[in-house]
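Each remark here refers to the structure printed beneath this line.
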Amino acid sequence: MRRGEIIAVGSELLLGGRPDTNSLFLTEGLAAVGVEVRYKSVVGDEKADIVAALQVAARRADVVVLTGGLGPTTDDRTREAVAHAIGRPLRRRAEALEWMRRRLAAWGRRLTKAQGRQGLIPVGAEALSNPIGSAPGFYLRWKGAVIAALPGVPSEAEAMFSTALAPRLQAPAAAHGRGVGSGRIDRRVLHTVGLFESELDQRLQRLVTGNRGLKIGFLPSPLGVTISLTLCGAESNKAMDKLVGRVRRLIGASLYAEGAETMEDVVGQALSQRGLCLALAESCTGGLVGHRLTQVSGSSAYLDRVTVCYSNRAKTEWLGVSERLLREHGAVSAQVAAAMAKGIRIKSRVDIGLSVTGIAGPGGG
4 MRRGEIIAVG SELLLGGRPD TNSLFLTEGL AAVGVEVRYK SVVGDEKADI
54 VAALQVAARR ADVVVLTGGL GPTTDDRTRE AVAHAIGRPL RRRAEALEWM
104 RRRLAAWGRR LTKAQGRQGL IPVGAEALSN PIGSAPGFYL RWKGAVIAAL
154 PGVPSEAEAM FSTALAPRLQ APAAAHGRGV GSGRIDRRVL HTVGLFESEL
204 DQRLQRLVTG NRGLKIGFLP SPLGVTISLT LCGAESNKAM DKLVGRVRRL
254 IGASLYAEGA ETMEDVVGQA LSQRGLCLAL AESCTGGLVG HRLTQVSGSS
304 AYLDRVTVCY SNRAKTEWLG VSERLLREHG AVSAQVAAAM AKGIRIKSRV
354 DIGLSVTGIA GPGGG
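Counting from 4, one number per residue, gives the positions in the sequence shown under the working numbering.
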């Protein structure tokens, strides 16, 4: 299995103002062509820092992908840094310049001297065309490793990876220098609710011991725990399908979705399949549950209305919650929550009434 490293270049990524989103799709894209990302580095625009990061990466990874620093300005130094690291000069590539001229002409612009810097490519490298921007990337082999440089603009990086770099990495691994075959990496993401990370880890440990090449990761959040399953060296999807089936049996109903599917998707599907209609009465959440449900296209088929009844008066006037119930049990109680759900169901004339109440602040409201 080939090891990969991503080097994100750009001082703005170290200042906290801009996240490195390129690494997210690159990790998935590289896995699809048999490259497991083992390391990730973020460096500023200083040439010496980029050189140092690249030298380290080339020693421990089979495929190194840099993003950023390919623009026309003086702080774009990835080309110079790569050339310095590998000990090769930069050469102006006629085909890259001609391609840039045609692209700029289509936009009604001329190639400037500054933009001409983007046509400089290390000797021995192959230029990678940019389907939607002006900065070309490049691809080369050095000391047994593949080194590729992509633009930092996310849309350009993703387009160049998909159209130019991924096809080259899909070729037989022998063509890419070291690495024990490209293999296959299958990754699935599962979403759970109601179980702690430690409980999930305990239940799934037997999977790891019985499946060589399987890696399990856990990402807790306020919405639950997301499980990532990564299987290296699988010959087909069937091996991962079997593992997912075992996970479902081990976790049970706490596993509610897979991949990009969300809780609101699952709730909407359940209501639609059963022909049911829902109305919500929210207190401390201020309409948050309704907001999430309405993010799903077509949710009006099963969601009738969302009412925010924050004060006790609103609960009484709009939902019919008795003042006695509020006095005896308080607004934040199971009894009042049940009365709110019943009230919104009757008022809306729907199949299901759902309420949300709780303590939203130090005052207990």
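Even for Gly, the Cβ is constructed at its ideal location relative to N, Cα and C. Bear in mind the structure is a predicted one, so any value in this text is a computation, not a measurement.
- Item | For T265, the residue or residues it bridges with in DSSP | Numbered from its first residue, the sequence shown carries residue 265 at position 262. Answer is none; T265 lacks a bridge partner.
- Message: For E267 and G220, what's the separation of their Cα atoms in angstroms?
- Response: Stepping through the sequence shown from its first residue, residue 267 is reached at position 264. Stepping through the sequence shown from its first residue, residue 220 is reached at position 217. In a straight line, the C-alpha of E267 is about 23 Å away from that of G220.
- Item | Identified DSSP bridge partners for Y142 | Indexing the sequence shown from 1 puts residue 142 at position 139. In DSSP, Y142 forms a bridge with E129, A151.
- Item | Assigned secondary structure, V284 (DSSP; H/G/I helix, E/B strand, else coil) | The residue you call residue 284 lines up with position 281 of the sequence shown. First, the amino acid is wrong: residue 284 is Ala here, not Val. A284: strand per DSSP, three-state reduction.
- Query: Can you list, in chain order, the residues of its chain whose CB lies under 8 Å from that of R63, leaving out five sequence neighbours each side?
  - Reply: In the sequence shown, residue 63 corresponds to position 60, counting from 1. R6, E8, R41, Y42.
- Task: Output the boundary residues of the beta strand (DSSP E) element that contains L246.
- Result: Working through the sequence shown from its first residue, we reach residue 246 at position 243. Note, L246: premise wrong, no beta strand (DSSP E); alpha helix (DSSP H) at 240-254.
- Task: Determine, using beta carbons only, whether G262 and Y305 come nearer to each other than 8 Å.
- Result: Looking up residue 262 in the sequence shown gives position 259. Looking up residue 305 in the sequence shown gives position 302. At least 8 Å separates the beta-carbon of G262 from that of Y305.
- Message: Please state whether the Cβ-Cβ distance between N133 and T70 is less than 8 Å.
- Response: Mapped onto the sequence shown, residue 133 falls at position 130. Mapped onto the sequence shown, residue 70 falls at position 67. No. Outside cutoff.
- May I ask you to list the residues that DSSP assigns as paired with R308? Counting from 1 along the sequence shown, the entry for residue 308 is found at position 305. DSSP, once it has assigned bridges, lists A282 as partnering R308.
- Own chain residues within Cβ distance below 7 Å of T81, not counting five before or after: Locating residue 81 in the sequence shown gives position 78, counting from the first residue. In the same chain as T81, and ignoring 5 residues on each side of it, the C-beta atoms closer than 7 Å to its own belong to V12, I53, L69, G71, G72, L73, A152, in chain order.
- Message: Just to check my reading of the structure: A334 and T360 have Cβ atoms closer than 8 Å, yes? What is that Cβ distance to the nearest angstrom?
- Response: In the sequence shown, the residue the question calls residue 334 occupies position 331. In the sequence shown, the residue the question calls residue 360 occupies position 357. About 6 Å; that satisfies the 8 Å criterion.
- Item | Given A97 as reference, the closest of S351, G122, P223 once Cα atoms are compared | Taking the first residue of the sequence shown as position 1, residue 97 is located at position 94. The closest CA to that of A97, considering only S351, G122, P223, is found on G122.
- Query: Out of L114, L357, I150, L143, which has the shortest C-alpha to C-alpha gap to L283?
  - Reply: Here residue 283 is taken as the residue at index 280 of the sequence shown, counted from 1. Cα-wise, what sits closest to L283 is L357.
- Message: Spatial neighbours of I222 within its chain, please: C-beta separation below 6 Å, excluding the five flanking residues on both sides.
- Response: Along the sequence shown, read from residue 1 onward, the residue named residue 222 stands at position 219. Reading off the sequence, residue 222 comes out as Leu, not Ile. Closer than 6 Å at Cβ, skipping near neighbours: T229.
- Task: For G19, I'd like the list of residues in its chain whose CB is within less than 6 Å of its CB, leaving aside the five on either flank, ordered along the chain.
- Result: The count along the sequence shown starts at 1 and reaches residue 19 at position 16. Cβ within range, chain order: n/a, list empty.
- Query: Can you check whether the CB of R206 is closer than 8 Å to the CB of L253?
  - Reply: Position 250 of the sequence shown holds residue 253. Position 203 of the sequence shown holds residue 206. Contact: yes.
- Message: Can you tell me whether T233 is helix, strand or coil according to DSSP?
- Response: For the purposes of this step, residue 233 is identified with residue 230 of the sequence shown, where counting begins at 1. Correct three-state label for T233: strand.
- Task: Using a threshold of 8 Å, state whether the C-beta atoms of M163 and L131 are closer than that.
- Result: Stepping through the sequence shown from its first residue, residue 163 is reached at position 160. Stepping through the sequence shown from its first residue, residue 131 is reached at position 128. Yes; because the gap between Cβ atoms is below 8 Å, this pair is in contact.
- Quick one: what's got a C-beta closer than 7 Å to L17's C-beta in the same chain, skipping five residues either side? As a first step, residue 17 is located in the sequence shown; it is residue number 14 there, counting from the start. The residues are V45, G47.
- Message: Quick check: is any heavy atom of the ligand GDP less than 7 Å from the C-beta of Q205?
- Response: Ligands displayed in this structure: none; no statement on the ligand GDP is therefore possible.
- Message: Could you compute how far the alpha carbon of I89 sits from the alpha carbon of V66?
- Response: Sequence index remark: in the sequence shown, residue 89 carries index 86 (1-based). Sequence index remark: in the sequence shown, residue 66 carries index 63 (1-based). If you draw a straight line from the Cα of I89 to the Cα of V66, it comes to about 15 Å.
- Query: Quick one: what does DSSP say R352 is sitting in, helix, strand or coil?
  - Reply: Here the question's residue 352 lines up with position 349 in the sequence shown. R352 falls in the coil class under three-state DSSP.
- Message: DSSP three-state label for S224, please.
- Response: For this step, residue 224 is matched to residue 221 along the sequence shown. Reduced to three states, the DSSP call for S224 is strand.
- Could you tell me which of L193, A60, C312 sits nearest to L322, measuring between CA atoms? In the sequence shown, the residue the question calls residue 322 occupies position 319. The option with the nearest alpha carbon to L322 is C312.
- Would you identify the three-state DSSP class for V335, choosing helix, strand or coil? In the sequence shown, the residue the question calls residue 335 occupies position 332. Three-state DSSP puts V335 in coil, outside helix and strand.
- Run of the beta strand (DSSP E) containing L168, from where it starts to where it stops: In the sequence shown, counting from the first residue as 1, residue 168 sits at position 165. Note, L168: premise wrong, no beta strand (DSSP E); not H, not E.
- Message: Would S302 and L296 qualify as a contact pair, given that the criterion is a beta-carbon distance under 8 Å?
- Response: Within the sequence shown, numbered from 1, the residue matching residue 302 stands at position 299. Within the sequence shown, numbered from 1, the residue matching residue 296 stands at position 293. In this structure, S302 places its C-beta atom within 8 Å of the C-beta atom of L296.
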